[in-house]
Each structure stands twice: as C-alpha cells, then as structure tokens.
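Undergrad: First the structure, which I've put down as structure tokens, then a few questions once you've had a look.
Printed below as a string of structure tokens:
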C-alpha cells in the first residue's frame, strides 16, 4: 500500500458493496415511505453543543469534533435521531404528528471491530408528536416489514420498557441516579457477559444477594408478549413507575395486534437500550440466524428528547445499521443477483469498425443496457481478455464480415458460447438480460 | 430559532428537496451505469496529506480538517476525484480502463453564497487508464445524456485544452510557473469579470499591450468545434505544447462525431478550469437558460493525478453539482410531479373503528400505496384538518355505517369531492394514483 491509505476505521465502498447498499436502501425506503415517513437528510455537521445536549459532554470522547475557522466547536453527527429531533424542534409550524425517515451516514470514534467502522450507515424512522402506543406499534411494524422486504424472516423483536426497568430497580432500592444509571448499563451489556461476569458487575455495584436475585428473576423473563406480561405481573411490580411501564407494554401489545403482529414480538425484560434518552417502550430486533451480529434494528420512545432542543414533543422511532444488515443478508445468501458493472462489452474486430462499435454501445445504452467498448485501442483478443477479466457476462463483436451480413456476434463469456443475431434480436435479448438483474 | 441551529453554511434537506435530489440521483445513476461506470463510495474522511498531495498545503484554508485522537491530521473530502484516484492508484490489480462513478457529498470551507453551501452533493464519473480521445468524448457524451435525462435540453459544452492554453501563454512569453499559474487563474474567472476588470488583472500581471491583445484574441474564440479549431489554427499556435493541445482537440472532435455529438459542443478557448491538476482536454457545460448559475458540469483530463498517489494511470472525467442542477430544473419547471409525503390518510369516524382503519392502512401499504392513519386520537374533523394541513391529497374514511354497507368513502382533499367505493375499487384507484407520481 502507498502512504495514501484510507484513515483507520474508514473504508471505501467498492462496486459490489455499493450495489448491495443501494439494493437494501431502495427496499428500506419503499417500506418506510409506504408507512408515511417522509425522507429527509439532516445536516451531517452539528454544533458540538447540539450533540452534547443529547449525550452529555463526555460524548466528545466518542465522536469526531473540531473547531471551525471561526473557533466554533462542531461535531460530525453520531446518529440520525439528534438531527431529526433538532429539525422538528426548530419548526413549531410543523403539523403533528410528523413522521420522518432517513438513510444516511454518520461517524463515531470507536475502536474499529468486526463489522464496525468509524464511518457507517443507518436507516432511521421517527414519529414525533404522538404519545399513543399505536405509534410505538407502528415503528415496530415498519421495522418488521423492512426485515421482510430484504428477505429476513427468521427474526424476533424483543420488547421492554424503560419505566418498567427503572421502576423495578428503584423498587429494589437502587434509587440514586448514578447507581441506577450504572445498573442500566450493566443490564444493557448483559448479552456480552458470562453469568459470572454479570454477577460480578452487579456485586461491584454494592448490591446484596436479595437485590441480585431479584434482578436475575427480572431479566430472566423472556416470553411471547402476552405470556411475558402475565409473568411480569407475577413479580409484583405494580407500583408507581413500574406500573406505568407495564401499562405501556399492555397498550403496545393491544396495538400490535391491530397491526397483525403476533409471535414476532417477545417481552424481554433484559432489553434496556444503553442510550440514556429512552424513557418508555424499548425494543431490539435480532436475526435468529446471527445473533452475534447484534441487534439488526433497535429503538424506542424518547418523550423528553425534543424538549432539550426547545419544543416539547413526544417521540418514538427506530434505527438499524446498514453494515449489519448487509452481513446478515450475506450470511444467509439473501442478496439477489445484483449487477455491479456493465452487462456487455462491444468489441471491434479491427480499427475500421471502431466507430460502428461506439454506435452500437450508444444504441444499447439508450435502451438501458449498460455497455462498454474498447478505450485502449486493443486487439480483438486483448479486448476479449479485458471484458472477461472485468467480469462482464457478454461480449458483442462487431466485425466487417458481420457488418456486411447485417448481423452481430454475441458471445456468452461465462458459457464460452457464441451466436450470430440480427442487431434487433440482439438488442432484445440483451434488454431482457438486463432486466433479469435486481436493482 | 433556538440556539441549536444548523451550523453556518450547512443545511437540512426537507422532504421536498430530498425528493428532488433523489429523483435527479436516480436519473443520473441510470445514465452513468448505462455508460459502464460502476458506482462506488470513496471514504469521506481522508488523511490530510492525501488531500494536500493533490492541491498543495494551502488547501487547509479551504477545507474542514482536524486531528483525530491519535494526533493524525484528517480532512473532510472536498471533491470525489481525489478519493477515486486514490482508490485506483491503491489497487494495481484493477483491470484498466476502470470506470467509476459516484453521487455523494463533500465539504468546503467557502463563504456561503447563493446556491453554494459548505456541505454539498456532486455527481462524478471518471475513466482511468485510457489516453484515447474517445475516453474524453465518452465522458462528455455521458454528461450530455445526464442533462437530457433530467430534461435540460438547451445547453452547450464549452471545450478547450490546457496544453493549448499553456502553450499559447508560454508562446506569448508568459513562461515562469508563478505568472503562468496566475494568468490561468485570471482566464478562469473571466466570466465573472467585466472587460475592464479583466484587462486590469492582466495588466497587474505586468503584461504589455501586445500580450494583452493576444490574450484577448485567444479567449474571443468561441464557435462550433470544427469552425473554432480552424479559427484557432489561424492564430498561428502550431508550436510545441499548443500544437499538442490542438491535436488533442481535433482528435476529440472526431471522437465526438462517433458519439453523434454535433452543435452541443463548442470550442471556447477561455475555458481553462481553475483546478491545477487538469493537463489536457477541459470542458464546462452551461444551461443556456441560466448561465448565472455557473457550469452545470465540468471536467477534463488529468493524466498526472494518479501518479501522485503511486500509480501512473491517465484519467479523464467530469463532475456536476446537484444543488446547481436542482436550481436549474426548478427555474425551468422541469421537475415532474414528485411525492414527498403519503398519498392517503385513513381516517376513522370513531374510536370503535380505529383498528379497522389501521388494517386498511396496512392493506394500502402492502400494495405500495403510502398511507397514514390517526396517531393522535383526534375527532374525525381533527383528522381531516391534519390530513389537509399535511398536504395529503386523499383521505379514506372508515365509518361504522360504511363498514356495514361494505364500502369506504374516498375524499379528494384538493377538489373537496367525495365518493363511496368498495374497498377493492378504492385500492385499485389509489394504486393507479400512486403510480402517477415520479420516483
């Protein structure tokens, strides 16, 4: 490699990955637009104080930030929710509810790991201005339809409620904000810890055996939504905040039925979502075939977020990582046949017919058939080697003899077979082939 | 506005502009993919030295740059060409020619002006590895087809050659690199200067009357390509570098004929393209109806650029600003009817039929008809006000009486008319309406 490498944690998307991203993006957008979300693109650079307002001053350690030439601190956004919430808060004239979605990129200064980059893409959909459980059900339903649209069918959405988790922890005597926050953080990373590590972390919080026992009972509840809710009722949580959380979950269960969602939704009280702005329903979806990839989407309710930006508007939404989805689809071989380069190379048998080859390439292009011709002045053999080496499936050979006969020669570079066709038949055949690729 | 504004020179794309960007992007990509360009996405953050290698250390003044937490200087990219050239230079295994395109965003720390932001989008297509005039002709032809694909038909592509301009200036005795660079810079901004200002700038370079006269004759040549070339021959430029430039232009004129390009191409010797890496054919396209917007695309040959990144590969390409194109299309009312929000609001006449409304919304969505339902628990009247206020063209009213009769009520919110239909007929009608919007 030269010294002009891509910076650590960044990467270039080459044609194959670009085509996969584009294919996923089109399917996701079609679903979200169908659900009435309007696509937008929030600014990718925010005032640092806008980012800090959501996540506290420590966010500086986890993001790219810098001062502009006027000395103003700016930061590269780390998610889409902040920008969307800021947009909605800044427009008091917007009719509510306002439903926006985005598929775009962001940056975090993490340690790069498997399938995690410092620059990455997310899809995101948010409903601002509805406090109803039907809004939470709608984002979950949209998320489920996104998974189905890209071919993921073996998934589950694990649902809980931050009020329930916080109410429960408070009821256990873990009341002061710092310890409560730490306990939520430990619950959040439970999936990555062994049972021993999990217990160790809880003990280091200074919890006694009764508290730890209680937490273990709490997080062990994982069952289809209705059944899970009656088990949760059995824990005797019906007090104050925990009771509110249970009521929200019961409302959600009812609303999900209206959307025709059944077994895909499970109650999982270990789900808390680490990010500190969630304050109601929370959920995470997993591809059952690849849980190690992590949640394929996640989200929840954040009724307090917009208020930070100057307008009290309830919110609920979800986001998913495009890279994770790509990995999931690759593992299960769910990508269709995608075209990441031209379909046909128009070769010229000699110098005299080069213009004829260009004309044919232009005719193909006008019909929507991606075509290339020789740009190196190579021999016919050299042209065929280039076409095969570049992965083009077909070559069309223009020669003086064929021109005289009024035909073209079409070579299938994979099957190494060849046929003579009239130009019209050839255009028709290639046109059909072009349509056989997904976009 | 709150203190959480968008940083100066940045902006959010709201649904209407997003829909326009998306529409343009789809058309542009279809053309470029047809021409055999493979879409990619180069890293948006580069090592600062990668950006400086192309544009010199002074580029720091014009871009966003910062040190990462390891003290490594990084910069936000200011164009797509650098990243594409770096990608190609770093992959010696790539078959050549390699044709890549990208539609994406970048940043420059300019003073914000009319239709110019500090964050903006470009489309870009590049051919690496061909020294033939047919490659230059192909990028120009692709550019022309991009304009036609979005509906711009009244345009011209102004073409010149950097070797011709430099050879001419050297022949006039303007030989030392600093003065030569300055002279090119003055030619480049000629369109923005009055004749008096232009002469003043040339005089301040220390040029005498004979030189200024010569330059005025040179830049005055603007005519259809063939005619222009014979007028340029009349200037007696046939020496060394200028002669090379003329030969390149003659080769290009011949190649453009092969692509069927005639009157759209004009020779305009005042075109030099400011950026310092061009070293052959250069061109700029203008919408004749809006020259004040500036070039709608521009490009040229840069045989020396990839070498900077470690691999000697000739290159030629073009790029255009998405914001400028949007402005041009808006002025000429060339955007089709785009949908930036849901097509239909499914209203429920009372609480008892809410689930029925959700079910209908889900049926519509499954058929690709963007639909929304009440998420505020509003009265029917409140729901209709919201639907109309949000710009939705249709409302579908689910009521107990209609449910009993097995019909739905479809209201045209623009025409304020209403009809009763079976659910099936209604789905069919809305499905057709959904298809009448461009995407």
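Chains as they are written, first to last, in this note's numbering: chain Y, 35 to 473; chain X, 35 to 473.
Note that beta-carbon positions come from the ideal geometry of N, C-alpha and C, so glycine has one too.
Give the residues of chain Y in contact with residue 531 of chain X, contact being defined as C-beta atoms less than 8 Å apart.
TA: In this structure chain X extends from 35 to 473, so residue 531 of chain X is not present and cannot be described.
Undergrad: Could you name the residues of the segment 52 to 81 of chain X whose beta carbon sits closer than 9 Å to any beta carbon of chain Y, in the order they occur along the chain?
TA: Residues passing the 9 Å Cβ filter: 52, 53, 55, 56, 63, 64, 65, 67, 68, 69, 70, 71, 72, 73, 74, 75, 76, 77, 78, 79, 80, 81.
Undergrad: On the three-state DSSP scale, how would you describe residue 300 of chain Y?
TA: Note: residue 300 of chain Y maps to strand in three-state DSSP.
Undergrad: Where do the ends of the beta strand (DSSP E) carrying residue 161 of chain X lie?
TA: Here the beta strand (DSSP E) through residue 161 of chain X covers 153 to 162.
Undergrad: Where do the ends of the beta strand (DSSP E) carrying residue 442 of chain X lie?
TA: Note, residue 442 of chain X: beta strand (DSSP E), 441 to 446.
Undergrad: So residue 301 of chain Y and residue 290 of chain Y are in contact, right, with Cβ under 8 Å, and what is the actual spacing, rounded?
TA: So it is not a contact: roughly 11 Å between Cβ atoms.
Undergrad: CB residue 315 of chain Y to CB residue 193 of chain Y, shorter than 8 Å?
TA: Contact flag set, yes.
Undergrad: Taking residue 335 of chain X as part of the beta strand (DSSP E), name the residues at either end of that continuous run.
TA: From DSSP, the beta strand (DSSP E) with residue 335 of chain X extends over 331 to 335.
Undergrad: Opposite residue 135 of chain Y in the DSSP bridges: which residues?
TA: Answer is Y/73, Y/159, bridged to residue 135 of chain Y.
Undergrad: Please report how far the alpha carbon of residue 59 of chain Y lies from the alpha carbon of residue 299 of chain X, in whole angstroms.
TA: Near 37 Å, if we compare the C-alpha coordinates of residue 299 of chain X and residue 59 of chain Y.
Undergrad: With 16 as the cutoff for other CB atoms within 10 Å, does residue 187 of chain X come out buried or exposed?
TA: Result: exposed.
Undergrad: Let me see if you follow: with CB-CB separation under 8 Å, is residue 157 of chain X close to chain Y or not?
TA: So no, residue 157 of chain X is outside the interface.
Undergrad: If we ignore side chains and look at the alpha-carbon of each, how far apart do residue 223 of chain Y and residue 71 of chain Y end up?
TA: C-alpha separation (whole angstroms): 31 Å.
Undergrad: Which value, in whole angstroms, describes the spacing of the CA atoms of residue 42 of chain X and residue 359 of chain X?
TA: So the two alpha carbons sit approximately 22 Å from each other.
Undergrad: Considering Cα atoms alone, identify which of Y/243, Y/297, Y/240, Y/181 is closest to residue 256 of chain Y.
TA: Cα-wise, what sits closest to residue 256 of chain Y is Y/297.
Undergrad: Give me whichever residues DSSP pairs with residue 99 of chain Y in a beta bridge.
TA: Answer by DSSP bridge pairing, in chain order: Y/109.
Undergrad: When the cut-off is 8 Å and only beta carbons count, does residue 168 of chain X lie next to chain Y?
TA: True, the Cβ-Cβ gap to chain Y drops below 8 Å.
Undergrad: What number of angstroms, rounded off, separates the C-alpha of residue 150 of chain Y from the C-alpha of residue 456 of chain Y?
TA: If I take the Cα positions, the gap works out to 51 Å.
Undergrad: By DSSP, does residue 35 of chain Y sit in helix, in strand, or in coil?
TA: Interpretation of residue 35 of chain Y is limited by its pLDDT of 47, a score under 50 that renders its predicted location unreliable; no figure is taken from the coordinates.
Undergrad: Please say whether residue 144 of chain Y and residue 96 of chain Y have beta carbons closer to each other than 8 Å?
TA: Going by C-beta atoms, residue 96 of chain Y is nearer than 8 Å to residue 144 of chain Y.
Undergrad: Nearer than 7 Å: is that true of the beta carbon of residue 300 of chain X relative to any heavy atom of the ligand COA?
TA: Absence of the ligand COA from the depicted structure is noted, as is the absence of any ligand whatsoever, leaving it without description.
Undergrad: So residue 429 of chain X is in the beta strand (DSSP E); what residue range does that whole segment cover?
TA: First-last of the beta strand (DSSP E) with residue 429 of chain X: 428 to 432.
Undergrad: For the beta strand (DSSP E) containing residue 378 of chain X, name the first residue and the last one.
TA: Element bounds for residue 378 of chain X: 378 to 382.
Undergrad: Would a C-beta distance cut-off of 8 Å place residue 66 of chain Y and residue 176 of chain Y closer than the cut-off?
TA: Yes, the Cβ-Cβ distance between residue 66 of chain Y and residue 176 of chain Y is below 8 Å.
Undergrad: If residue 49 of chain Y sits next to residue 374 of chain Y, beta carbons under 8 Å apart, how far is it from one beta carbon to the other, in whole angstroms?
TA: 4 Å between Cβ atoms; contact.
Undergrad: Do residue 126 of chain Y and residue 423 of chain X have their beta-carbon atoms positioned less than 8 Å apart in this structure?
TA: Not in contact: residue 423 of chain X and residue 126 of chain Y (Cβ atoms no closer than 8 Å).
Undergrad: If we ignore side chains and look at the alpha-carbon of each, how far apart do residue 169 of chain X and residue 377 of chain Y end up?
TA: Cα-Cα distance, rounded: 19 Å.
Undergrad: For residue 206 of chain X, name the three-state secondary structure that DSSP assigns.
TA: DSSP places residue 206 of chain X in coil when its eight states are reduced to three.
Undergrad: For residue 40 of chain Y, which residues in chain X fall below 7 Å Cβ to Cβ?
TA: Chain X residues near residue 40 of chain Y: 77.
Undergrad: What does DSSP give as the partner residue(s) for residue 406 of chain X in the beta ladder?
TA: Bridge partners of residue 406 of chain X: X/379.
Undergrad: What is the rounded straight-line gap between the Cα of residue 45 of chain Y and the Cα of residue 140 of chain X?
TA: Whole-angstrom Cα-Cα distance: 16 Å.
Undergrad: Listed from N- to C-terminal order along the chain, which residues in the segment 364 to 382 of chain Y have their beta-carbon within a distance smaller than 7 Å of any beta-carbon of chain X?
TA: Within the segment 364 to 382 of chain Y, the qualifying residues are 374, 375, 376.
Undergrad: Any C-beta of chain X within less than 7 Å: which residues of the segment 407 to 434 of chain Y qualify?
TA: Listed by position along the chain: 409, 410, 411, 420, 423, 424.
Undergrad: Determine whether the Cβ of residue 127 of chain X lies closer than 8 Å to any Cβ atom of chain Y.
TA: So no, residue 127 of chain X is outside the interface.
Undergrad: Along chain Y, in chain order, which residues have C-beta atoms closer than 7 Å to that of residue 47 of chain X?
TA: Going along chain Y in sequence order, the residues near residue 47 of chain X (Cβ under 7 Å) are 74, 75.
Undergrad: Per DSSP, residue 147 of chain X is paired with what?
TA: DSSP lists X/150 as partners of residue 147 of chain X.
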